[in-house]
Structures are given as C-alpha cells and as structure tokens.
Amino acid sequence: MTRNTYSVPELEARARVLRRHVVRLVEKVKIGYLQQGLGAADIFAALYFGELRLRENDPDWPGRDRCILSTAHNTAVFYATLVERGLLPPALLDSYTDDGSALEVNASERVGALVEATCGSLGQGLSVAVGMALSVRRQKLDSRVYVILGDGELQEGQVWEAALAAAGHDLDNLCMIIDRNCMQVEGHTDKVVRMDPVGAKFAAFGWHAVDIDGNDMGQLTAALDAARGTRGKPTLIVANTLAGSGVPFLEGQLAHLARLTPEDAARAMAILDEVPA
C-alpha cells in the first residue's frame, strides 16, 4: 500500500479541520487540552494524512505503520485525527470524556487497534516504539514506527535509556517527533529543567536529528521524507510548535488545562472557518 499524496495546502486544510474539532471537544467539557491540540494539529495532519500507511477497513493489518501517542495531552487532536482519517465513527466524538466512553482523557486501547499502546505515564512511548521497531524488523516487515513525545517527557530517564537502545540497534525504521511547545503542568519547560540543545544530545547518541518549525507543513513533510530515507540510525524531529496555533487570541498562552467559554469557542471557530487567501 502506498502513502497518500496530499499537497502541502491540502494537509494545511486538514490541520484546520482538526483544530475545529479540538475547539468543539474542549468547549464540550469547558476545560481541557486546547492549547496543545491546536499547536500539534499540523504534526497530526502531516503524519496521518501524508505519511502513515494504514487501512481504514483493516486497522490490525500487520503491514501498517505504527504510531504511538506518548503525549496524553494530545488526545483531543488524536481522536479528531482518527475520525477524519476514517478510522473511528464521527459520532463517537460526541461521547468525548463521558462516563463509560472509550474516548478518555488519556487514550487507551479501549478506543481500538489504532491506539498501539496506552502511555498515560510520561516517558513510556519511546520505549514501546523501540520494542515495536525491533519486532517489525525481525518479522521482516517494511513497517515504520513513529512516536510522538512532549518536550516535558524528556525529563524522564526512561527516554534516554530508550534513545541509547534505539541507536545501538540501528533502528532506521523508527522516527520520534517531539512536540516542543515549551509547556508542562509546572509551567515553561525550560524553567523546570533546561533541555537545549535537544537535537545535539540525540545526535550524540547516534540519531539523525533535525530541528524544524512544527507549524510549517512544508518543513514537516520534508523532515518526514528525510527520516524515511535515513539509513542505519533512528530519526528525531524536534517540532517547535506554538501553543494555540491557528487562533491568534490563544497563541502563545501556556495553559496546560485551558478553560474555554462559549464566547471564546465561537470566536475561535469563526477564525478557523475562514478560508485562507
């Protein structure tokens, strides 16, 4: 199965649709992962509509590419992506965070096969991805494994053990994307633990590392293309994203759990409904 061939403007349009879903979902519960979802929408659009090989009618297909969501705070945009990709029924979004719903605040396998692992504890996603990358290689599958981490997760020691193992096993079928929005529960990530230079640290471990604007679709697709062509080492894409991206009056606000009034939700939707020139 070949990947999709959406153009950059088409992927940008997909990202706007994902942002509208994020606003709607957070408005439903009045507080949630609004800023993270808006900021990461371009990453999810690039991955799920331009990169991953998946089968809507066969989610367990062994030859699929895997994507592990390590960032619990990206569930709103993740659920929206699965719906828009045709992997979940749209009506399911109406149950977001309801008692008994499969769409919990932290994504779990209850959602279905496309949740490759439950990663509610921070820093676990890369370890899972390393194991999957080893597994598909030993099965002689050409599947690729992607994992999305938040920059705050880099403070977990498990991440660095997994990074060492990935390079030690030459896992060139592994690509990690760090959603670097500089935001964690305690505030700005660099005021908790300074992490720069992130890319150079992974490069020293033996990774191919690139640093990009995570809200620039052209840079995202180019970085993913380069990752697919890299041989003998895993790839890290440091995607620098802007919290609240796409809604100017929310951009740059570092709110781990943001409150959203009906009035502000309506303002945001009006902006996101505008057709770009």
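176 is the number that full-length UniProt numbering gives to position 176 of the sequence shown; each next residue is one higher, with no gaps.
For glycine and all other residues, C-beta sits at the position ideal for the given N, C-alpha and C.
Length of the line joining the Cα atoms of residue i and residue j
{"i": "valine 159", "j": "arginine 110", "result": "25 Å"}
{"i": "leucine 236", "j": "histidine 169", "result": "15 Å"}
{"i": "glycine 120", "j": "alanine 41", "result": "20 Å"}
{"i": "isoleucine 148", "j": "glutamate 263", "result": "32 Å"}
{"i": "leucine 122", "j": "asparagine 106", "result": "11 Å"}
{"i": "alanine 15", "j": "alanine 239", "result": "15 Å"}
{"i": "alanine 243", "j": "cysteine 175", "result": "23 Å"}
{"i": "leucine 260", "j": "methionine 183", "result": "18 Å"}
Helix, strand or coil at residue i according to DSSP, with G and I counted as helix
{"i": "valine 8", "result": "helix"}
{"i": "methionine 195", "result": "coil"}
{"i": "histidine 21", "result": "helix"}
{"i": "glutamine 35", "result": "helix"}
{"i": "glutamine 184", "result": "strand"}
{"i": "arginine 259", "result": "strand"}
{"i": "proline 90", "result": "helix"}
{"i": "arginine 64", "result": "coil"}
{"i": "glutamate 109", "result": "helix"}
{"i": "residue 281", "result": "The structure shown does not extend to residue 281, since the chain is modelled only from 1 through 277, so no value can be given for it."}
Beta-carbon spacing of residue i, residue j below 7 Å
{"i": "valine 193", "j": "glutamine 139", "result": "no"}
{"i": "glycine 214", "j": "threonine 241", "result": "yes"}
{"i": "valine 77", "j": "phenylalanine 44", "result": "yes"}
{"i": "tyrosine 96", "j": "leucine 25", "result": "yes"}
{"i": "asparagine 173", "j": "arginine 144", "result": "yes"}
{"i": "tryptophan 207", "j": "alanine 162", "result": "no"}
For residue i: DSSP bridge partner residues
{"i": "leucine 149", "result": "Ile178"}
{"i": "leucine 69", "result": "Ile148"}
{"i": "threonine 235", "result": "Cys175, His208"}
{"i": "aspartate 213", "result": "Asn240"}
Residue-chain proximity (residue i, chain C), Cβ-Cβ < 7 Å
{"i": "glycine 123", "result": "Among the protein chains of the structure shown there is no chain C, as only one such chain exists."}
Exercise for the section: Mind the definition here: the segment 21-36 touches the segment 53-69 only if three or more C-beta pairs lie below 8 Å; say whether that holds. Expected result: no
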